[in-house]
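Residue numbers (this note's numbering): 6 to 379.
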């Protein structure tokens with residue numbers, strides 16, 4: 006009798022585990038469509054434990070790719086997947102146990118010790134990097150470098166290998182894109198710095214890093230800057246960056262730790278020679294300029310950069326930077342968005358880049374309604 010009871014308990018557990026099925030309703034009550042937008046749902050919203058033995062299907066019974074998010078923890082914290090919801094409609098996604106199809110990686114991030122401690126990351130639209138300690142003698146900034154892409158393929162590893170081993174400079178386009186953006190000691194393509202007493206305190210190289218997620222649909226990492234000096238006090242600055250598949254901008258969460266004081270933070274765009282086109286709208290700025298190869302000075306179209314600050318901000322141009330300046334309290338989190346694009350890939354004109362950044366801003370302001378049912 007006891008043996009039969011134990012067998013029943015084991016059988017019940019197996020049936021419960023593999024009969025997991027729930028649906029997620031995603032409602033778009035706003036007057037604009039949402040296409041392939043990555044949504045995130047906390048793991049606690051589901052009746053069963055989320056794991057890799059999960060299949061998501063849409064209303065047409067088509068499988069949907071997903072990624073389990075750990076945020077540096079051992080257990081799953083949330084799940085992300087892309088949704089497409091027309092204005093004024095509802096889409097239903099079914100979660101059930103099964104073996105999912107492999108998901109093609111569309112994001113990637115890594116430390117690059119072979120290239121003076123760069124930290125580089127990308128999605129299917131663009132690539133970026135920030136500078137590490139091995140570059141200290143060259144007076145680097147904490148600004149962001151933008152790499153232009155014209156392929157959905159991941160290119161970081163190939164670009165570095167071609168440059169360092171094969172003699173093919175990533176400053177020239179060999180078919181899939183290039184790095185023709187100059188950062189120097191500036192904020193570059195969307196970096197951030199304290200703004201104190203009317204001065205922009207551009208930082209230096211990062212001291213350490215930690216990768217929290219690495220694809221296929223989202224890559225997240227933290228870079229830490231030690232010894233940031235503000236009003237004679239030392240602070241530690243952490244910047245956590247997330248990049249999602251198909252999104253034009255990165256999400257950055259910034260935190261400074263140290264003696265409490267009220268300061269301002271200023272994300273922004275370096276304007277280089279100022280000959281590009283700068284545009285401003287509510288809570289955002291964009292800049293378009295000629296993309297010029299560094300080897301033979303060839304014009305390869307237009308490069309674009311955008312920055313969004315969701316909260317209150319003051320717009321200012323200072324020392325060839327376009328800035329969105331916001332109040333900040335030490336110890337709190339400050340969130341903004343930044344990224345870039347290219348006229349040879351998805352954004353033929355600056356108007357299309359502006360429209361894309363404005364659409365992204367609307368997605369931030371007007372999140373989709375999500376409900377886990379059944």
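Don't be surprised by glycine CBs; every beta carbon is placed ideally from N, CA and C.
{"Item": "What residue does the alpha helix (DSSP H) around residue 119 start on, and which one ends it?", "Value": "Element bounds for residue 119: n/a, residue is neither H nor E."}
{"Item": "Under the three-state reduction of DSSP, which class applies to residue 23: helix, strand or coil?", "Value": "At residue 23, the pLDDT of 35 sits below 50, so the modelled position is not reliable; the number obtained from the coordinates is stated separately. Helix, per DSSP."}
{"Item": "So which of 49, 100 and 138 has the shortest CA-CA distance to residue 75?", "Value": "49"}
{"Item": "Any chance the CB of residue 56 is under 7 angstroms from a heavy atom of the ligand ATP?", "Value": "In terms of ligand content, the structure shown is empty, and the ligand ATP therefore cannot be addressed."}
{"Item": "Could you tell me if residue 353 is buried or exposed, where buried requires 16 or more neighbouring beta carbons within 10 angstroms of its beta carbon?", "Value": "exposed"}
{"Item": "Can you list, in chain order, the residues of its chain whose CB lies under 6 angstroms from that of residue 376, leaving out five sequence neighbours each side?", "Value": "30"}
{"Item": "Does the region 322 to 329 touch the region 166 to 177, meaning 3 or more C-beta pairs lie closer than 8 angstroms?", "Value": "no"}
{"Item": "Just reading off the beta strand (DSSP E) that residue 284 is part of, what are its end residues?", "Value": "282 to 286"}
{"Item": "On the DSSP bridge assignment, give the partners of residue 74 in chain order.", "Value": "83"}
{"Item": "In three-state terms, what does DSSP make of residue 256?", "Value": "strand"}
{"Item": "Tell me the residue span of the beta strand (DSSP E) that contains residue 65.", "Value": "Unbroken run through residue 65: none, as it is neither H nor E."}
{"Item": "I need the straight-line Cα distance from residue 372 to residue 42, nearest angstrom please.", "Value": "10 angstroms"}
{"Item": "Roughly how many angstroms lie between the CA atoms of residue 77 and residue 235, to the nearest whole one?", "Value": "30 angstroms"}
{"Item": "Can you have a look at residue 141 and say buried or exposed, based on whether 16 or more other CB atoms are within 10 angstroms of its CB?", "Value": "exposed"}
{"Item": "What do you reckon, are the CB atoms on residue 136 and residue 186 nearer than 8 angstroms?", "Value": "no"}
{"Item": "Which partner residues of residue 131 appear in the DSSP bridge assignment?", "Value": "153"}
{"Item": "What's the gap between the Cα of residue 73 and the Cα of residue 203?", "Value": "43 angstroms"}
{"Item": "So, for residue 184: in the same chain, excluding its five sequence neighbours on each side, which residues have a beta-carbon less than 7 angstroms away from its beta-carbon?", "Value": "150, 152, 175 and 176"}
{"Item": "Just how far apart, CA to CA, sit residue 162 and residue 127?", "Value": "11 angstroms"}
{"Item": "Expressed to the nearest angstrom, what Euclidean distance is found between the alpha-carbon atoms of residue 218 and residue 226?", "Value": "7 angstroms"}
{"Item": "On the CB-based measure, 16 or more other CB atoms within 10 Å of its CB, does residue 97 come out buried or exposed?", "Value": "exposed"}
{"Item": "Pick from 55, 285, 207 and 35: whose alpha carbon is nearest that of residue 27?", "Value": "55"}
{"Item": "Between which two residues does the alpha helix (DSSP H) carrying residue 168 extend?", "Value": "161 to 169"}
{"Item": "Taking the straight line between their C-alpha atoms, what separation do you get for residue 335 and residue 273?", "Value": "20 angstroms"}
{"Item": "Name the one or two DSSP bridge partners that residue 45 has.", "Value": "85"}
{"Item": "Apart from the five residues on each side of it in sequence, which residues of its chain come closer than 6 angstroms, Cβ to Cβ, to residue 243?", "Value": "227, 229 and 260"}
{"Item": "Excluding the five sequence neighbours on either side, which residues of its own chain have a C-beta within less than 8 angstroms of the C-beta of residue 95, listed in chain order?", "Value": "30, 31, 32 and 33"}
{"Item": "Taking the alpha-carbon of residue 277 as reference, which of 337, 292, 197 and 344 has the nearest alpha-carbon?", "Value": "292"}
{"Item": "What separation, rounded to the nearest whole angstrom, lies between the Cα atoms of residue 212 and residue 138?", "Value": "6 angstroms"}
{"Item": "What residue range does the alpha helix (DSSP H) around residue 226 cover?", "Value": "Element bounds for residue 226: not the alpha helix (DSSP H) but the beta strand (DSSP E), 223 to 235."}
{"Item": "Between 216, 223 and 303, which has its C-alpha nearest residue 116's C-alpha?", "Value": "216"}
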